[in-house]
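Q: Would you mind keeping the following structure in view while I ask a few things?
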Amino acid sequence: MISQSHQTPPERIGGVLQGITVIELCGARGQFMAKLMGDMGARVIKIEPLGGAPERQIGPFMDDAPHPDRSLFFWAHNTSKESLELNIEAPEGRKIIRRLAATADVILEDFEPGYLPSLGLGYKNLSAGNERLVMTSLTAFGQDGPYRDYKSTDIVALAMGGIMHSCGYDDLPGSPPIRPSGDHGDKIASHYGLMGTLAAIFNRHFSGKGQYIDVSAHEACNSTTEHALPTYLYEGENVFRQTGRHHSTTPTPKTLCKTSDGKYVIVFQLFNNLHSWLSLVRWMGDVGMAEDLQEERYKDMARGGSRGMRAAPDTTDSDHAFEVVRRFIASQTAKDIYRGAQNLKFPWGEVRSPEENLNDPHFAEDRQMFADIPHPELGEGVSFKYVGRPYRFTESPWNAFRPPLVGEHTELILSVDLEYSEQDLKTLELNGIISSNQNQRSKDLT
Amino acid sequence: MSEPQTLLRKGALEGVRVIDFSWIVAGPQCTRILGDFGADVIKIENDANMDYIRASRPVGGSSSPNRSPLFTTLNRNKRSLTLNVMHPRGMELLKELIKKSDVIVENFSSRVLEKWGLGYEEQKKINPQIIYCSMSGFGHTGRDRDFVTWGPTAQALSGLTFMSGLPGEESAGWGFSYMDHTGGFYGTIAIMMALIHRNKTGVGQHIDLSQVESGIALTGTSVLDYTVNNRPFRRDEMPPGNRAPDRRIAPHNTYPCKGDDRWCVIAVTNEDEWGSLVDAVGNPGWASEDRFASMESRSANQESLDAFIAEWTINHSPHEVFDILQKAGVPAGAVQTPMERAEKDPQLKHRDFIAEIPHEELGKARVESIPMRMSETPWKLERPSPLLGEHSAEIYTELLDVTPEELITLYEEGIA
Chain A
403 MISQSHQTPP ERIGGVLQGI TVIELCGARG QFMAKLMGDM GARVIKIEPL
453 GGAPERQIGP FMDDAPHPDR SLFFWAHNTS KESLELNIEA PEGRKIIRRL
503 AATADVILED FEPGYLPSLG LGYKNLSAGN ERLVMTSLTA FGQDGPYRDY
553 KSTDIVALAM GGIMHSCGYD DLPGSPPIRP SGDHGDKIAS HYGLMGTLAA
603 IFNRHFSGKG QYIDVSAHEA CNSTTEHALP TYLYEGENVF RQTGRHHSTT
653 PTPKTLCKTS DGKYVIVFQL FNNLHSWLSL VRWMGDVGMA EDLQEERYKD
703 MARGGSRGMR AAPDTTDSDH AFEVVRRFIA SQTAKDIYRG AQNLKFPWGE
753 VRSPEENLND PHFAEDRQMF ADIPHPELGE GVSFKYVGRP YRFTESPWNA
803 FRPPLVGEHT ELILSVDLEY SEQDLKTLEL NGIISSNQNQ RSKDLT
Chain B
5 MSEPQTLLRK GALEGVRVID FSWIVAGPQC TRILGDFGAD VIKIENDANM
55 DYIRASRPVG GSSSPNRSPL FTTLNRNKRS LTLNVMHPRG MELLKELIKK
105 SDVIVENFSS RVLEKWGLGY EEQKKINPQI IYCSMSGFGH TGRDRDFVTW
155 GPTAQALSGL TFMSGLPGEE SAGWGFSYMD HTGGFYGTIA IMMALIHRNK
205 TGVGQHIDLS QVESGIALTG TSVLDYTVNN RPFRRDEMPP GNRAPDRRIA
255 PHNTYPCKGD DRWCVIAVTN EDEWGSLVDA VGNPGWASED RFASMESRSA
305 NQESLDAFIA EWTINHSPHE VFDILQKAGV PAGAVQTPME RAEKDPQLKH
355 RDFIAEIPHE ELGKARVESI PMRMSETPWK LERPSPLLGE HSAEIYTELL
405 DVTPEELITL YEEGIA
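Structure representation (structure tokens):
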């Protein structure tokens, strides 16, 4: 028999999405959109194949020990969910999905096009008894078209979507375009999938009717490349990649500047206006590094102003000014340049590694950007710091709980929501519809 | 109860009115999507303080505020109202508009609306159900609330810039303001969540969005590797370039192709795909070497593996690699240029990705469409980006009950 649940899902009082039930059938592409709903109070039931979602095999792992319940990649993208471990290809498994869909608000799925309909689990089937159902399919290329059945991963989406064409180096000969790490192809797709889903939930309040939403990761990335498409569509030119700064059709001044502690800061808008220029030169002068920048011709350039990404018009004077500033920055720490510049209203930033924000008092203390999330399955009082909310609502809490263990809520969901008896559950287990392995896995974990 | 009505709604957010003070990229990206979903987005500017993306690379080098390609794509499906809030009558009219609206969006630095006397508490007095979304760099609370960001600043601080690049080199970062777009998405997401909540409870709220925090929220795995395993992302072998160290899958990289600076990507995620790749490249001898026999050993020897694969890719264009490998069932892609995306990609064409609509000064506006199809409330390119002040007269007279006589005064006194 399945062991007792380690974690009864907490009451989700006050979350903006409280009362909304989501059935999630997602892998790497769509798991994040369901997490974002769960963290804001929706009840998210994640359907996992027997043995757990494949994303549980992706590292890094806690203590570098691979285990489906120790994948930090999985943890980061699956908070605030319940797990139902189920064979959805077997007839009884399909029936369980149909019964859950009958009372659910939302289905999120990212299988290849046609797969769920082939099981009798397409939108037509699932919404037959529940016309309020919203279903979002988040696929690589969309539900139709010549690429519909092509395979994709995060790096394929970022390449085909044009994002990689804009990212990389212009001063490292022969270097490739770069995929920014962090699964952003999947995240961009998830963000759009979530936006469509929320719009449909809002619409349903007035129309009484749900709908089917076909979201393509390919299009999602293609619509997230800023100047690249408008510049081509109106000027007929391709932008090209430039180290650490914006793509452009012409070379722009470098914005990465090295500091005395071997880090970097992003520096731009030197000649924004006279006031800010004078304050910068004063700051440099205070440590004896202003060189000749007090001279009048630089003030004239600052009077001319140049808002936007370019540090200054491309002239010898501005190049020289930038070199002097670069020498000044090289003599200071990244933190001192960052805070000093921000105090003068320059929008400069320190190039931080993600973990360095845990020590930033504004985000970590004042804004409580990191959340301690308990992991009682690993011992009493054990908790870990996760990144927290991407937004702060004054009237509604962000409230995440730890990701589910594989199949942690199978028994609870089937017996409480679908009223299966203990005998029914045994039969499901015998027939390979649900797993009988959970006891063993839990022992492996601790 | 009467019979259920069949309501033909023009968009999912029809009936939602948005006062849009946002400018540059992050805020306009947020309200662009609200407009795409059918909200009535009223973009407020004035002649002295216009969204200065209007001046970004105007077509034909003109000084017109209506010819910027980036502005055009970010501001379609919105109306433009010129209004000077510094004038007392302007402020009165704004307050009238707040009474008739659902959402206020701005991405000024953190104290601007307070200085106008229009902080959230004041807004609530005017319209108790208002949803106010402020999009600042650091949020409206905390010791650094007065610091400011542009997209690249937020990317640098949150960790995203550092995570993009080759090991041992400077950061490659993002080649554009990713966090303006993604920060905008989080604004849209939060506003729609608040609207759903308000439908149920009648309660509005202030959404205090920080662009840096939205970026931090995207670094979950790396932060956990530090808080759980004490392993910082800032270490010798990082960032991982185009490899996938935590997936232990290989090959996974960019590969050079025929042509000047042309590249493809290949990502083999299981043994089946490996077998298909080997067949597709013609079963070369190296592919049967022991050191490439398993995912684990391929991962350990990916330096040599990548060199062999590059010997094959260099003889093909990126799209040849894409076609050959996809037909064989291997995840692969071309690093597509803007030209290829706009002119050639048959999938984007099939899905009508580039949409067109007449535009008074540009002839036609060509913009990327919203990347989804909705069965009940399909997207429409209802209107191109607005000319500055294009809808002032209709909004003043139809929505705010300004008489035609007063309208002239508003223009004369620089209020409208």
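Heads up: the sequence lines are chains A and B, in that order. Quick note on the working numbering: the first sequence kicks off at 403 and runs consecutively. Quick note on the working numbering: the second sequence kicks off at 5 and runs consecutively. Here a beta-carbon is modelled for each residue, glycine too, at the ideal position from N, C-alpha and C. Note that this is a predicted model, so its numbers are computed, not measured.
#1: Based on DSSP bridge pairs, tell me the residues matched to Lys82(B).
#2: Just how far apart, CA to CA, sit Glu372(B) and Asn53(B)?
#3: List the residues of chain A whose Cβ lies closer than 7 angstroms to the Cβ of Glu229(B), in chain order.
#4: Measure the alpha-carbon distance for Ser765(A) versus Ala436(A) and round it to whole angstroms.
#5: Runs of 3 residues minimum, wholly inside the stretch 134-168 of chain B: which ones carry the beta strand (DSSP E) assignment?
#6: I need the DSSP call for Trp267(B), collapsed to helix, strand or coil.
#7: Report back the beta-carbon spacing between Ala630(A) and Gln613(A) to the nearest angstrom; my notes put them in contact at under 8 angstroms.
#8: Grab me the residues of Ile361(B)'s own chain with a C-beta within less than 6 angstroms of its C-beta, minus the 5 sequence neighbours each way, in chain order.
#9: Less than 8 angstroms between CB atoms is the rule here; does Ala714(A) satisfy it with respect to chain B?
#10: Taking only three categories from DSSP, how would you classify Arg712(A)?
#11: Helix, strand or coil, according to DSSP, for Ala311(B) in the structure here?
#12: For Leu220(B), which option in Ile731(A), Lys787(A), Leu518(A) and Gln459(A) has the closest C-alpha, if you only look at C-alpha atoms?
#13: In chain order, what residues of the same chain have a beta carbon less than 7 angstroms from the beta carbon of Thr317(B), not counting five sequence neighbours either side?
#14: For Met537(A), name the three-state secondary structure that DSSP assigns.
#15: Would the beta-carbon of Gly443(A) fall within 8 angstroms of that of Val424(A)?
#16: How many angstroms separate the CA atom of Arg235(B) from the CA atom of Ile358(B)?
#17: Can you look up Pro408(B) in the DSSP assignment and give me helix, strand or coil?
#18: Contact between the stretch 734-748 of chain A and the stretch 659-673 of chain A is defined here as three or more beta-carbon pairs at a separation below 8 angstroms; is this criterion met?
#19: Please state the DSSP three-state secondary structure of Ser837(A).
#20: Less than 8 angstroms separating the beta-carbons of Gly179(B) and His649(A)?
#21: Taking only the alpha-carbon atoms, compute the straight-line gap between Ala168(B) and Glu514(A) and give it to the nearest angstrom.
#22: According to DSSP, which residues form a beta bridge with Glu484(A)?
#23: Secondary structure at Lys99(B), three-state DSSP: helix, strand or coil?
#24: With H, G and I counted as helix, E and B as strand and the rest as coil, what does DSSP make of Val808(A)?
#25: Mind checking if Pro515(A) is an interface residue toward chain B, Cβ cutoff 8 angstroms exclusive?
#26: Let me know the secondary structure DSSP gives Pro776(A) once reduced to three states.
#27: Return the first residue and the last residue of the alpha helix (DSSP H) that Gly587(A) is part of.
#28: Over what stretch of residues does the beta strand (DSSP E) that includes His469(A) continue unbroken?
#29: Got a sec: which bits of the stretch 476-499 of chain A sit with their beta carbon under 8 angstroms from any beta carbon on chain B, in order along the chain?
#30: Name the chain B residues that come within less than 9 angstroms of Leu786(A), Cβ to Cβ?
#31: Output the distance between the C-alpha atoms of Glu637(A) and Pro342(B), rounded to the nearest integer angstrom.
#32: If we ignore side chains and look at the alpha-carbon of each, how far apart do Met562(A) and Gln351(B) end up?
#33: What residue from Glu49(B), Pro73(B), Ala30(B) and Arg21(B) has the CA that sits closest to His363(B)'s CA?
#34: Less than 8 angstroms between C-beta atoms, sequence neighbours within five positions excluded: which residues of the same chain meet that for Asp719(A)?
A: Based on what the coordinates show:
#1: Walking along the second sequence from the start, residue 82(B) turns up at place 78. Looking at the DSSP assignment, Lys82(B) forms a beta bridge with Val45(B).
#2: On the second sequence, residue 372(B) is found 368 positions in, with the first residue counted as 1. On the second sequence, residue 53(B) is found 49 positions in, with the first residue counted as 1. Straight-line Cα distance between these residues: approximately 27 angstroms.
#3: If you number the second sequence from 1, residue 229(B) lands on position 225. This sequence places Asp at residue 229(B); Glu is not what is there. Near Asp229(B) (Cβ distances below 7 angstroms), the residues of chain A are Pro462 and Leu474.
#4: One-based indexing of the first sequence puts residue 765(A) at position 363. One-based indexing of the first sequence puts residue 436(A) at position 34. Going by the sequence as given, residue 765(A) is Phe instead of Ser. Cα to Cα, the separation comes out at about 25 angstroms.
#5: 135-140
#6: Indexing the second sequence from 1 puts residue 267(B) at position 263. DSSP places Trp267(B) in strand when its eight states are reduced to three.
#7: Counting from 1 along the first sequence, the entry for residue 630(A) is found at position 228. Counting from 1 along the first sequence, the entry for residue 613(A) is found at position 211. Contact flag wrong, Cβ pair sits at about 31 angstroms.
#8: Taking the second sequence and counting its residues from 1, one reaches residue 361(B) at position 357. Excluding positions up to five away in sequence, the list reads Ala369, Leu385 and Pro388.
#9: To locate residue 714(A), count along the first sequence from 1; it is residue 312. Reliability of the predicted coordinates at Ala714(A) is poor, the pLDDT of 46 falling under 50, and the value obtained from them is presented with this limitation in mind. Not an interface residue.
#10: Counting from one through the first sequence, the residue named residue 712(A) turns up at place 310. In this prediction, Arg712(A) has a pLDDT of 42, which is less than 50 and means its spatial position is unreliable; nothing more can be read from the coordinates.
#11: Here residue 311(B) corresponds to residue number 307 of the second sequence, with the count starting at 1. Three-state result, Ala311(B): helix.
#12: Against the second sequence, residue 220(B) aligns to sequence position 216. Before going on, a small fix: residue 220(B) reads as Ile here, not Leu. The shortest C-alpha separation from Ile220(B) is found at Lys787(A).
#13: Within the second sequence, residue 317(B) is the residue found at index 313, counting from 1. By the criterion of a C-beta distance shorter than 7 angstroms, Thr317(B) is surrounded in its chain by Tyr259, Pro260, Cys261, Cys268 and Val325, once the five residues flanking it on both sides are discounted.
#14: Counting from one through the first sequence, the residue named residue 537(A) turns up at place 135. If DSSP states are grouped into helix, strand and coil, Met537(A) belongs with the strands.
#15: Taking the first residue of the first sequence as position 1, residue 443(A) is located at position 41. Taking the first residue of the first sequence as position 1, residue 424(A) is located at position 22. Going by C-beta atoms, Gly443(A) is not nearer than 8 angstroms to Val424(A).
#16: As a first step, residue 235(B) must be located in the second sequence, where it is residue number 231. As a first step, residue 358(B) must be located in the second sequence, where it is residue number 354. Straight-line Cα distance between these residues: approximately 44 angstroms.
#17: Residue 408(B) sits at position 404 when you count from the first residue of the second sequence. Helix at Pro408(B).
#18: yes
#19: On the first sequence, residue 837(A) is found 435 positions in, with the first residue counted as 1. In the structure shown, Ser837(A) falls within a coil segment according to DSSP collapsed to helix, strand and coil.
#20: Here residue 179(B) corresponds to residue number 175 of the second sequence, with the count starting at 1. Here residue 649(A) corresponds to residue number 247 of the first sequence, with the count starting at 1. When the beta-carbon positions are compared, Gly179(B) and His649(A) come within less than 8 angstroms of each other.
#21: As a working mapping, residue 168(B) is identified with position 164 in the second sequence. As a working mapping, residue 514(A) is identified with position 112 in the first sequence. Reading the sequence as shown, one finds Ser at residue 168(B) and not Ala. Their backbone Cα atoms lie some 29 angstroms apart in a straight line.
#22: Translated into positions along the first sequence, residue 484(A) becomes position 82. In DSSP, Glu484(A) forms a bridge with Ile447(A).
#23: As a first step, residue 99(B) is located in the second sequence; it is residue number 95 there, counting from the start. Looking at Lys99(B) - three-state DSSP - the assignment turns out to be helix.
#24: Counted from its first residue, the first sequence places residue 808(A) at position 406. Val808(A) carries a coil assignment under DSSP once its states are collapsed to helix, strand and coil.
#25: Translated into the one-based positions of the first sequence, residue 515(A) becomes position 113. Output row for Pro515(A): interface = no.
#26: If you number the first sequence from 1, residue 776(A) lands on position 374. It is a strand residue.
#27: Walking along the first sequence from the start, residue 587(A) turns up at place 185. Run containing Gly587(A): His586 to Ser609, per the alpha helix (DSSP H) assignment.
#28: On the first sequence, position 67 is the one that residue 469(A) refers to. That residue, His469(A), is in no beta strand (DSSP E); it is neither H nor E in DSSP.
#29: Trp477, Ala478 and His479
#30: Mapped onto the first sequence, residue 786(A) falls at position 384. The question names Leu, but residue 786(A) in the sequence shown is Phe. Here the neighbours are Leu228, Thr231 and Val232.
#31: Locating residue 637(A) in the first sequence gives position 235, where the first residue counts as 1. Locating residue 342(B) in the second sequence gives position 338, where the first residue counts as 1. If you take the alpha carbons of Glu637(A) and Pro342(B), they lie about 11 angstroms apart.
#32: Translated into positions along the first sequence, residue 562(A) becomes position 160. Translated into positions along the second sequence, residue 351(B) becomes position 347. Rounded to whole angstroms, the separation of the alpha carbons of Gln351(B) and Met562(A) is 11 angstroms.
#33: Along the second sequence, read from residue 1 onward, the residue named residue 363(B) stands at position 359. Nearest neighbour of His363(B) by Cα position, chosen from Glu49(B), Pro73(B), Ala30(B) and Arg21(B), turns out to be Pro73(B).
#34: As a first step, residue 719(A) is located in the first sequence; it is residue number 317 there, counting from the start. Arg699, Tyr700 and Met703.
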